[in-house]
Each structure stands twice: as C-alpha cells, then as structure tokens.
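For reference, the structure discussed in these notes is given below.
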Amino acid sequence: MSARIPMTLPFGGAPLCGEAARAVAAVRLQALAADLPDGLTARMMDLDDSNLLADFRVRVVATLEDPDHYRMAGEVGNFVADHLGEKGLTAGIFRHEGRSGDGSGGRLVAYGALGLPSGKDPNRGRDLDLPEAELPWVAHMSSAMVDPSERGRGLHHRLIDWRIEVAEALGRRHLITTVSTRNHRSWGHLAGHGIYPKRLVRVGGDLVRLLVHRDFTADPIFDTASAELVAVEELAGRWDVFERGHVWGRVAVGDGAALRWYALCGREKGSAGA
Ligand SMILES: CC(C)(COP(=O)(O)OP(=O)(O)OC[C@H]1O[C@@H](n2cnc3c(N)ncnc32)[C@H](O)[C@@H]1OP(=O)(O)O)[C@@H](O)C(=O)NCCC(=O)NCCS
C-alpha cells in the first residue's frame, strides 16, 4: 500500500452537509458550466426537480444497450429524494433549444449525483472494511447519466471531475460506488480519474458489482510487472483478480467488429500480493 498521509479535517472535524455543502458544490459547478459545449447550461438540482430527475432516469435506463449496465434494484434508499435533498448533491446539465432568455429552464440532458451518507445511513465504506471512524468521510459517486443524443462530448468526464472536486472540498476523503462489471465505459471513465475497481461485491440480492474507490490521501502506483488483461465479460467471475490486486483501467484491443475490451489488472507497487 502507498503511505497514507493523515489529512487535516476541515470544518472543525465534522462533515459539511445540507445548505453549506450545496454552497460548496454550487461554487465548483461554475467552472463546469463555463466550459460546456454551446447550448448547454448547468445548475444544482433540488427537490423541486424530483419528477424531472425521476423521469429522466427512467428514460435513460429504458435505452440501455445492456440492462445490466444500471439496475435501480442495486440502489439503496430513495435515490431521487436522497440526492436532491439532505443526503446528496446533484448537478443537472440542460439543453436550451429556444432563444436564450426565453424563460424555459431547458431540457435535462445529464446529471451527476454525489451521495453524502451520515450516521447510520448505508455506507459503501463498510463494503470496503473501512474503520468506523472513517465512514463520515465517505462520499458516494452515486450515478451519472447522459442523454443518448448528448454522449461523447465529455459530459460524463466533466461530471466526474465536479464530484471529485466537491468531495475533496468537503473533506470526504473516500469516494466510493458500485458499477456493473459489464459497464466498462462507466468504470473505465472512473478509473481514468483514479477511482479504481478494488473489489467485487454482491448488491441488491444477486447482482455482482465492482466496488470502486479513491482515497484522496493515497497515491497508488501500478506495478506493471504484475499486469494482466481480463476480458470485461469475464470480470464478474474473476474474484481472484481482487485477491492479488485490482483493476487500473480498461484497454481496447483490435478494431471494428474485432474490437474487444479488457480490464487492466495488477498489484499496487509495494503491496505483498502473489
Ligand atoms: C456512461 C455514460 C455516462 C458516458 O457518458 P458520456 O457523456 O458519453 O461520456 P463522455 O462524453 O464524458 O466520454 C465518452 C468519450 O467522449 C470523448 N470526449 C469528447 N469530448 C470530451 C471532453 N471534452 N472531455 C473528455 N472526453 C471527451 C472521450 O473520447 C470519451 O472517450 P473515453 O470513453 O475513451 O474516455 C453514458 O454512456 C450513459 O449515460 N450511459 C447510461 C447510464 C450509465 O451507464 N451510467 C453510468 C453508471 S451510473
């Protein structure tokens, strides 16, 4: 393991939540909004957006190329109420089709949600066996969805960056979530931002999911001598990979119809894996 640097806890040792956390998140959202492609704006969403967010999620889930990519059965609590209310922060990206200033709020085309568990709330830090004392400093990279017509324009990458900045600003040193092994675009993007698949876990009954994690106080280094490629279709059955190390990224091999996706697996430098 990399050496852990003790982090100074901001805000007198208690995690910010509620309106104070929203204010921190809103400030960080200004940078994202300033850099969006033409016709798009961003704003914090709140409980008044509940129907908008719920409908959008149902629409995107209905269009998934593989239903396993996102299963609402794997969620805990009330996703919409939690992430628009006290237990989370959600940014929405909107497309304005009319003239600017026409008074319409625009069409929701993407969101990114960050969960801020507290107290006895479900906390993915437990799946990672984090010490109890660290659980208040966990943020959940809960989910992001982009309208199919707006994909490939960097919206997901931007929403990942925004959530990383907000979690770090709030002193939530652990960013954690679960992702389908087959949704390699999603976990590949997260791994590209240092949020690596560390374990396989079962959620919502019998769904096998990657538990992905970044600790802002650690800077893990890949031991390339241990590199191994595992086809993404096989990853859900490869618990052994996570006994030896973890996944560092995704790799494409081949072109066109022959293109295949692989997980790049291996040890962390300095770890005592096999
Ligand atoms: C997974 C998902 C969120 C990706 O969204 P997206 O907005 O298309 O992703 P991005 O545009 O950020 O990235 C896709 C590609 O766009 C390209 N791109 C274009 N402009 C870019 C920019 N400004 N910055 C970064 N990448 C950019 C990149 O090449 C990137 O390639 P990569 O996959 O090799 O990194 C989207 O497919 C989706 O909503 N899927 C269904 C729901 C889901 O699975 N959600 C995730 C689980 S919660």
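Residues 0 to 273 in numbering that gives the first Met the number 0 are what the sequence shown lists, from first letter to last.
Don't be surprised by glycine CBs; every beta carbon is placed ideally from N, CA and C.
Exposed unless 16 or more other CB atoms sit within 10 angstroms - verdict on residue i
| i | result |
| --- | --- |
| Asn-50 | exposed |
| Lys-119 | exposed |
| Val-26 | exposed |
| Trp-238 | exposed |
| Glu-232 | exposed |
| Pro-147 | exposed |
| Gly-114 | buried |
| Leu-258 | exposed |
| Ile-163 | buried |
| Ser-219 | In the sequence under discussion, the amino acid at residue 219 is Pro, which differs from the Ser named in the question. Counting Cβ neighbours within 10 Å, Pro-219 comes out buried, since at least 16 surround it. |
| Ala-224 | exposed |
Rounded separation between residue i and residue j - CA only
| i | j | result |
| --- | --- | --- |
| Leu-263 | Asp-47 | 42 Å |
| Pro-130 | Val-252 | 39 Å |
| Val-207 | His-68 | 11 Å |
| Gly-255 | Asn-182 | 19 Å |
| Val-211 | Ser-185 | 11 Å |
| Asn-77 | Val-57 | 14 Å |
| Ala-90 | Gly-265 | 34 Å |
| Val-250 | Leu-228 | 8 Å |
| Pro-116 | Leu-134 | 8 Å |
| Phe-241 | Thr-216 | 21 Å |
| Gly-100 | Gly-236 | With a pLDDT of 49 at Gly-100, under the threshold of 50, the predicted position of this residue should be treated as unreliable, and no value is reported. |
| Ala-168 | Ala-20 | 9 Å |
| Leu-107 | Gly-151 | 17 Å |
| Glu-85 | Asp-222 | 41 Å |
| His-82 | Leu-88 | 5 Å |
| Glu-18 | His-192 | 27 Å |
| His-95 | Ala-30 | 19 Å |
| Pro-14 | Pro-121 | 16 Å |
| Glu-267 | Val-165 | 27 Å |
| Cys-16 | Ala-22 | 10 Å |
| Val-60 | Pro-66 | 7 Å |
| Thr-40 | Ala-230 | 38 Å |
| Ile-92 | Val-79 | 16 Å |
| Ala-32 | Gly-38 | 11 Å |
| Leu-52 | Ala-109 | 9 Å |
| Asp-34 | Ser-270 | 39 Å |
| Glu-274 | Leu-234 | There is no way to answer for residue 274, as the model of the chain reaches only from 0 to 273. |
| Glu-149 | Met-71 | 22 Å |
| Val-75 | Thr-62 | 22 Å |
| Ala-132 | Ala-226 | 34 Å |
Option nearest residue i by Cα separation, candidates the options
| i | options | result |
| --- | --- | --- |
| Gly-111 | Val-207, Glu-74, Ile-159 and Phe-241 | Ile-159 |
| Thr-104 | Arg-42, Leu-228, Leu-134 and Ser-148 | Here residue 104 is Gly; the residue named in the question, Thr, does not match the sequence. With distances taken between Cα atoms, Gly-104 lies closest to Arg-42. |
| Asp-214 | Gly-170, Ser-179 and His-188 | Gly-170 |
| Ser-179 | Leu-28, Gly-151 and Leu-209 | Leu-209 |
| Trp-260 | Gly-187, Ala-226 and Ala-132 | Gly-187 |
| Leu-189 | Val-165, Glu-164, Val-108 and His-156 | His-156 |
| Gly-73 | Ser-142, Ile-163, Arg-162 and Leu-258 | Ser-142 |
| Asp-288 | Leu-258, Glu-167 and Met-144 | Residue 288 is absent from the model: the chain starts at 0 and stops at 273. |
| Gly-153 | Glu-64, Ile-163 and Pro-36 | Pro-36 |
| Met-44 | Leu-63, Ala-24 and Ala-132 | Ala-24 |
| Leu-28 | Glu-149, Trp-161 and Ala-226 | Trp-161 |
Residue i: CB within 8 Å of a non-hydrogen atom of ligand 3
| i | result |
| --- | --- |
| Glu-85 | In terms of ligand content, the structure shown lacks ligand 3 and carries ligand 1 instead. |
- Item | Contact between the region 173 to 184 and the region 119 to 139 (3+ Cβ pairs under 8 Å) | By the Cβ rule, the region 173 to 184 counts as touching the region 119 to 139, because three or more pairs are nearer than 8 Å.
- Task: Please confirm if the region 243 to 251 is in contact with the region 187 to 200, defined as three or more CB-CB distances below 8 Å between the two stretches.
- Result: yes
- Query: Should the region 123 to 135 be called in touch with the region 198 to 213, which here means at least 3 C-beta pairs below 8 Å?
  - Reply: yes
- Task: Could you name each continuous alpha helix (DSSP H) segment of 4 residues or more that falls completely within the region 17 to 96, going from the start of the chain to the end?
- Result: Counting whole runs of 4 or more residues, the region 17 to 96 contains the alpha helix (DSSP H) stretches 17 to 33, 49 to 61 and 78 to 83.
- Task: Return the chain-ordered ranges of every beta strand (DSSP E) run that is complete within the region 153 to 213 and spans a minimum of 3 residues.
- Result: 173 to 179 and 195 to 202
- Item | In chain order, each beta strand (DSSP E) run of at least 3 residues that lies wholly inside the region 220 to 249 | 227 to 230
- Item | Contiguous beta strand (DSSP E) assignments of at least 3 residues, all confined to the region 123 to 154 | 137 to 145
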